[in-house]
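*Asks:* Provided herewith is a single structure, encoded as structure tokens, for subsequent inquiry.
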DNA sequence: AAGCCCATGTAAGACGTTACATGATTGT
DNA sequence: ACAATCATGTAACGTCTTACATGGGCTT
């Protein structure tokens, strides 16, 4: 039940058609949300039936009519109370991390290939986001206004960027780790061997210590 | 179609019941996956019908019978090829970031309250994960073995921890930002005012420059 | 006495994805 | 010529969540 809030939130900013909403999702809001037109259109109908939004048809030449939606007072109430409501505990589904978790089933070289490929995917996203940040800042400077709305969207943009930067960095670190521990994949002969541990002992000790040392109270 | 891979991946490590699988999801795997028993049981039945897993009943005293599943060769093939397959582009749904995006609808104090609350939620998760990392390392030291399996799960654990640490840090930074820009919420009188920008100009310039300076090629 | 843990499921409904359907205009 | 963009939707299917159902044993 959050698609409705994504839509109502957007309509609290500007009037829009279902098509416009989809574009906004794919563009700026893709940092935290996504949806298909085939889900947006029925949801808009529901919202209209509940009188949280209203619509009017705007004819165009050579193009289909635009069905432009506006938020009602009821809609404003709904989005405002949702924004102030206790946030959900995050329900993460990261299928790539799951693949990594099970990559002991493939060769070290294949692991590195997968990590490099995914790093590239994330880099592309990061490049697009940097573009968006650039444009957002230029538009603020040009229009010479600062508002709570722009402030909060700046914070969200930054979070999106940070996320990409840090995932990319993790990919790099993990590639280095696997590279350094390639020998573990060779010695799958003796299942109870002690040797594999000694090979990687120092390295893993450092890795775990570094992990436990990760702290949130530094600058 | 990824729940089946979560299950097959687990069964490629140990035999388990549906109930065991659920616990593993909620524990170690919660970094990247979650599911309900009511979805796991039917999926196990499907996997058995497709002969990717087999089951046997293990009677117990005073408790219901355990239906223990084992992976078949077909199941191994399926999970291996999935792990080596091109990763999906990430489909993020972060309803808290969405709330933040629309928080221009509530007061600066309420924004700070929400951010602090969420920071606490994430801190709790982080503390639990640190516990898990500690235990994982102790078990490695105790058993004196290192394997690809343990290596990959260490990397995934680290990613989970990093994610929490960085989200918490972002909450802190954003609280500071909103605190510094509280005045923006007061001056909602004149909609086209130039003043609000000048108030926050330097601060925002720094913020955007810092955002654009975020780089992935540092240590 | 109340509620959680073990252990299995079914059923109904909400939410999300992919495919299908239409049709003019604009760009490569 | 072919694909993309604008703009609306429906239908079928797949996935996920919530509620219901059972029942002994253990803890507070």
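Protein chains in written order, with full-length UniProt numbering: chain A, 1 to 219; chain B, 1 to 219.
Beta carbons: idealized from backbone N, C-alpha and C, even for Gly.
From a predicted model like this one, the values you see are computed outputs, not experimental measurements.
Along the chain, where does the alpha helix (DSSP H) containing residue 124 of chain B start, and where does it finish?
*Replies:* Where residue 124 of chain B is concerned, the enclosing alpha helix (DSSP H) stretches over 108 to 143.
*Asks:* Go to residue 38 of chain A, then tell me how far its alpha helix (DSSP H) extends in each direction, as first and last residue.
*Replies:* That run of the alpha helix (DSSP H) goes 37 to 49.
*Asks:* Closer than 8 Å, Cβ to any Cβ of chain A: which residues of the stretch 98 to 120 of chain B, in chain order?
*Replies:* For the stretch 98 to 120 of chain B, which is checked against every Cβ of chain A, the residues closer than 8 Å are 98, 99, 100, 101, 102, 103, 104, 105, 106, 108, 110, 111, 114, 117, 118.
*Asks:* Going by C-alpha distance, which of B:187, B:176, B:184, B:182 is nearest residue 207 of chain B?
*Replies:* When each option's Cα is compared against that of residue 207 of chain B, the closest is B:176.
*Asks:* For residue 57 of chain B, does the three-state DSSP call read helix, strand or coil?
*Replies:* DSSP places residue 57 of chain B in strand when its eight states are reduced to three.
*Asks:* Please work out which residues of its chain come closer than 7 Å, Cβ to Cβ, to residue 168 of chain B, disregarding the five sequence neighbours upstream and downstream, and give them in chain order.
*Replies:* Excluding sequence neighbours, residue 168 of chain B sits near 119, 122, 123, 126.
*Asks:* Can you check whether the CB of residue 97 of chain A is closer than 7 Å to the CB of residue 133 of chain B?
*Replies:* The answer is no: Cβ separation not under 7 Å.
*Asks:* Suppose you measure from the CA of residue 219 of chain B to the CA of residue 46 of chain B; what does that come to, to the nearest Å?
*Replies:* Its pLDDT being 44, under 50, residue 219 of chain B is placed unreliably by the model, and nothing is read from it.
*Asks:* What is the rounded straight-line gap between the Cα of residue 6 of chain B and the Cα of residue 2 of chain A?
*Replies:* Their Cα atoms are separated by approximately 26 Å.
*Asks:* When DSSP labels each residue in this structure, what does residue 13 of chain B get in the three-state scheme?
*Replies:* Looking at residue 13 of chain B - three-state DSSP - the assignment turns out to be coil, as it is neither helix nor strand.
*Asks:* I need the straight-line Cα distance from residue 178 of chain A to residue 100 of chain A, nearest angstrom please.
*Replies:* Rounded to the nearest angstrom, the two C-alpha atoms are 11 Å apart.
*Asks:* What's the gap between the Cα of residue 145 of chain A and the Cα of residue 27 of chain A?
*Replies:* Cα-Cα distance, rounded: 22 Å.
*Asks:* Taking its Cβ as the centre, do 16 or more other Cβ atoms sit within 10 Å of residue 31 of chain A, making it buried, or is it exposed?
*Replies:* The residue is buried, with at least 16 neighbouring Cβ atoms inside 10 Å.
*Asks:* Would residue 219 of chain A count as contacting chain B if we go by Cβ distances under 7 Å?
*Replies:* Confidence in residue 219 of chain A is poor, its pLDDT being 44 and thus under 50, which makes the residue's placement unreliable; the coordinate value appears in the next sentence. Taking Cβ atoms only, chain B never reaches closer than 7 Å to residue 219 of chain A, which makes this a no.
*Asks:* Helix, strand or coil for residue 175 of chain B, going by three-state DSSP, please let me know.
*Replies:* The answer is helix: DSSP assigns residue 175 of chain B an H, G or I state.
*Asks:* With a Cβ-Cβ cutoff of 7 Å, do residue 10 of chain B and residue 211 of chain A count as a contact?
*Replies:* No. Outside cutoff.
*Asks:* Mind reading off the beta-carbon distance from residue 72 of chain B to residue 51 of chain B? Whole number of angstroms is fine, and I expect it under 8 Å.
*Replies:* Right, their Cβ atoms sit about 6 Å apart.
*Asks:* Exposed or buried, what is residue 69 of chain A when buried is set at 16 or more other beta-carbons lying within 10 Å of its beta-carbon?
*Replies:* With 16 or more Cβ atoms within 10 Å of its Cβ, residue 69 of chain A is classed as buried.
*Asks:* Which class does residue 93 of chain B belong to by DSSP, given the choice of helix, strand or coil?
*Replies:* The answer is coil: DSSP assigns residue 93 of chain B none of H, G, I, E or B.
*Asks:* In the DSSP assignment, find the beta strand (DSSP E) that holds residue 67 of chain A and state where it starts and stops.
*Replies:* It spans 66 to 71 - the beta strand (DSSP E) in which residue 67 of chain A sits, taken as one unbroken run.
*Asks:* Any C-beta of chain B within less than 9 Å: which residues of the stretch 134 to 154 of chain A qualify?
*Replies:* Per Cβ criterion, the list reads 134, 136, 137, 140, 141, 143, 144, 145, 146, 147, 148, 149, 150, 151, 152, 153, 154.
*Asks:* Measure from the alpha carbon of residue 78 of chain A to the alpha carbon of each residue in A:95, A:57, A:53, A:89, then state which is nearest.
*Replies:* Ranking A:95, A:57, A:53, A:89 by Cα distance to residue 78 of chain A puts A:53 first.
*Asks:* Who are the neighbours of residue 74 of chain B on chain A, taking C-beta pairs under 8 Å?
*Replies:* Per Cβ cutoff of 8 Å: no residues; residue 74 of chain B is ~14 Å from chain A at best.
*Asks:* Ends of the alpha helix (DSSP H) at residue 52 of chain A?
*Replies:* Careful: residue 52 of chain A lies outside any alpha helix (DSSP H) and carries neither H nor E.
*Asks:* For a contact defined as C-beta to C-beta under 7 Å, what are the partners of residue 53 of chain A on chain B?
*Replies:* Here the premise fails: no neighbours, minimum Cβ distance about 15 Å.
*Asks:* Taking a Cβ distance cut-off of 8 Å, strictly less, list which residues of the stretch 40 to 64 of chain A are near chain B, in chain order.
*Replies:* From the stretch 40 to 64 of chain A, no residue has a Cβ closer than 8 Å to chain B.
*Asks:* DSSP on residue 219 of chain A, reduced to helix/strand/coil?
*Replies:* In this prediction, residue 219 of chain A scores a pLDDT of 44, lower than 50, which makes its location untrustworthy; the coordinate-derived value is nonetheless stated afterwards. The answer is coil: DSSP assigns residue 219 of chain A none of H, G, I, E or B.
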